[in-house]
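Engineer: Have a look at this one before I ask anything.
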Amino acid sequence: MLAPSRDVRPGAVLTLRLMGEDVVVYRTQSGRLNVVRPYCPHLGTHLGCGGWVDGENIVCPFHRFAFDLDGAVARVGPGYTGQPVRDKLLLLPSEEVNGGIYVWVGADAGEAPHWRIPPVLEATGMKFARIQVGTHPQEISENGVDLRHQQALHAFAEAECVGEPVLDRHRYSYTMHLTQATPFGRVLAEGAISFYGLGFYHLVFRVPQYRLQHDIAVGIRALAPWQSEMLVGTRVTVDAARPPLSRLPRTVTDALSEAASGLGLASAKRLLTQDVPIWHGKRYINPPRIARGDGPIGGFRKWAEQFYPAQGSPGPEAMETGCRD
């Protein structure tokens with residue numbers, strides 16, 4: 041995920057880092073979003089440094105060339121005649137889904153997306169937090185299938201995989217049960233997690249005791265080698281169909297969900313932040329030395345190999361980052 045959709049208002053031009061390079065994200069006045077490589081094909085001006093949106097075009101600040109959503113010159117600058125520039129802006133395939141902005145970066149330049157992230161949750165009412173971490177996107181995703189760290193690091197009383205993982209090309213899904221000890225007794229959370237490539241996963245926790253559903257959507261952006269950003273979006277919905285909540289006005293139950301969503305974001309951020317110092321100093325070991333009870337780490341890594349170029353390493357290149365505060 042490059043950014044939450046709500047961060048890019050009509051007329052906005054943002055420069056964001058992706059895989060060691062800048063990209064420019066902008067939204068036209070009608071609300072259409074576009075993601076381009078930053079450099080004007082005329083003389084290389086960075087469109088994120090002073091460029092602006094004019095109607096449905098983005099305008100270069102140097103010679104005032106305007107480019108349409110396809111990257112072609114829509115209007116030349118003052119003093120020019122004809123069509124002096126025929127090259128286009130370089131576009132990145134992008135779409136907005138699940139409250140965020142996603143782009144496709146293939147192994148080959150200009151490669152069309154092989155698959156898309158499906159809409160899996162309603163973005164209305166979602167709250168987002170950013171977490172930057174010195175690690176690889178695969179390490180972040182793999183963390184979701186490491187069952188034993190849920191107990192050792194996150195202090196869950198129990199963590200168990202339910203059934204076998206389901207692999208469907210770019211999608212990897214499995215179900216787990218997490219039990220949390222509280223002053224009021226044990227609370228069971230039924231978790232269903234789905235990974236879509238290495239850049240997005242969706243976790244649904246259902247807590248039958250409290251009639252809550254906690255959706256957690258994590259978009260992962262590779263900033264540079266072994267530097268990533270997580271955009272964590274959460275939403276908590278309260279089941280108001282049964283008494284006593286069914287007796288309350290809709291405005292009250294909506295307010296309860298809103299308050300619970302704020303608490304849910306704080307909880308998700310707290311848990312993920314506990315992983316950050318581990319990721320900062322962790323070395324990627326391949327093949328992994330799996331211990332009994334670890335969870336489906338080996339199968340997850342085998343599935344993840346498809347997201348690397350055929351001629352390269354089937355996984356992250358090992359890198360020692362050292363222990364950092």
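All letters in the sequence shown, in the order written, are residues 41 to 365 by the numbering used here.
Where is the CB? At the ideal position from N, CA and C, for every residue including glycine.
Starting from A47, trace the beta strand (DSSP E) both ways and give me its first and last residue.
Structural biologist: Position check: residue 47 holds Asp in this sequence, whereas Ala was assumed. Here D47 belongs to no beta strand (DSSP E), and DSSP marks it neither H nor E.
Engineer: Please classify Q314: is it buried, with 16 or more other beta-carbons within 10 angstroms of its beta-carbon, or exposed?
Structural biologist: Q314 is exposed by the Cβ-count criterion.
Engineer: Which of the three DSSP states is assigned to S213 in this structure?
Structural biologist: The answer is strand: DSSP assigns S213 an E or B state.
Engineer: How about F240 and H254: do their beta carbons lie closer than 8 Å?
Structural biologist: Not in contact: F240 and H254 (Cβ atoms no closer than 8 Å).
Engineer: Looking at V143 and V75, is the spacing between their C-beta atoms short of 8 Å?
Structural biologist: Their beta carbons are under 8 Å apart, which means V75 touches V143 by this criterion.
Engineer: Evaluate contact between the stretch 187-205 and the stretch 213-220, counting only Cβ atoms and requiring at least three cross-stretch pairs below 8 Å.
Structural biologist: Output reads yes: the stretch 213-220 touches the stretch 187-205.
Engineer: Going by Cα to Cα distance, which pick from G355, R209 and G71 is closest to R156?
Structural biologist: Of the listed residues, the one whose Cα sits closest to R156 is R209.
Engineer: Three or more C-beta pairs closer than 8 Å, one from the stretch 70-87 and one from the stretch 170-179: is that the case here?
Structural biologist: Result no; under three Cβ-Cβ pairs closer than 8 Å.
Engineer: With DSSP as the reference, label T175 as helix, strand or coil.
Structural biologist: Coil at T175, not helix or strand.
Engineer: Could you pull out every residue in the same chain whose Cβ sits closer than 8 Å to the Cβ of P349, ignoring the five residues on either side in sequence?
Structural biologist: Taken in chain order, the residues that qualify are A147.
Engineer: First and last residue of the beta strand (DSSP E) that includes V75?
Structural biologist: Where V75 is concerned, the enclosing beta strand (DSSP E) stretches over L73 to V76.
Engineer: Restricting to Cα atoms, I'd like to know which of W266, L161 and A331 is closest to H189.
Structural biologist: Per the Cα distances, A331.
Engineer: Ignoring anything shorter than 4 residues or poking outside the stretch 149-195, list the alpha helix (DSSP H) runs there in chain order.
Structural biologist: Counting whole runs of 4 or more residues, the stretch 149-195 contains the alpha helix (DSSP H) stretches 177-182 and 187-192.
Engineer: Once you ignore the five residues that flank R49 on each side, which residues in its own chain have a CB closer than 7 Å to its CB?
Structural biologist: If we look at R49 and ignore the five residues flanking it on each side, its Cβ neighbours are R67.
Engineer: Does DSSP put I337 in a helix, a strand or coil?
Structural biologist: Reduced to three states, the DSSP call for I337 is helix.
Engineer: May I have the straight-line CA-CA distance separating P133 from F235, to the nearest angstrom?
Structural biologist: Spanning the two alpha carbons is a distance of roughly 20 Å.
Engineer: Report yes if the CB atom of A114 is closer than 8 Å to the CB atom of L238, and no otherwise.
Structural biologist: Going by C-beta atoms, A114 is not nearer than 8 Å to L238.
Engineer: Which residue marks the beginning of the beta strand (DSSP E) containing W92, and which one marks its end?
Structural biologist: Element bounds for W92: W92 to D94.
Engineer: Where does I141 fall in DSSP's three states?
Structural biologist: I141 falls in the strand class under three-state DSSP.
Engineer: Counting C-beta neighbours from all protein chains within 10 Å, is the total for A295 16 or more, i.e. buried, or is it exposed?
Structural biologist: A295 is exposed by the Cβ-count criterion.
Engineer: Note down, in chain order, each residue of its chain lying with its Cβ closer than 7 Å to the Cβ of V125, except the 5 sequence neighbours on either side.
Structural biologist: These residues qualify, in order along the chain: P81, H82, F105 and V113.
Engineer: What is the C-beta distance between G119 and S45, in whole angstroms, given that I count them as a contact (C-beta under 8 Å)?
Structural biologist: Not confirmed; about 38 Å, so no contact.
Engineer: Which of the three DSSP states, helix, strand or coil, is assigned to A147?
Structural biologist: Three-state result, A147: coil.
Engineer: Tell me where the alpha helix (DSSP H) around E298 begins and ends.
Structural biologist: From DSSP, the alpha helix (DSSP H) with E298 extends over R290 to G321.
Engineer: Let me check understanding here. Comparing Cα to Cα, which of S70, Y79, S307 and G60 lies closest to D94?
Structural biologist: The candidate whose alpha carbon is nearest that of D94 is S70.
Engineer: Which of the three DSSP states is assigned to Y79 in this structure?
Structural biologist: Looking at Y79 - three-state DSSP - the assignment turns out to be strand.
Engineer: Relative to the C-alpha of D110, which residue among G122, N97, T121 and G117 is closest?
Structural biologist: Here the closest residue by C-alpha is N97.
Engineer: According to DSSP, is S397 helix, strand or coil?
Structural biologist: Within the shown structure, residues of the chain are numbered from 41 to 365, placing residue 397 beyond reach of any answer.
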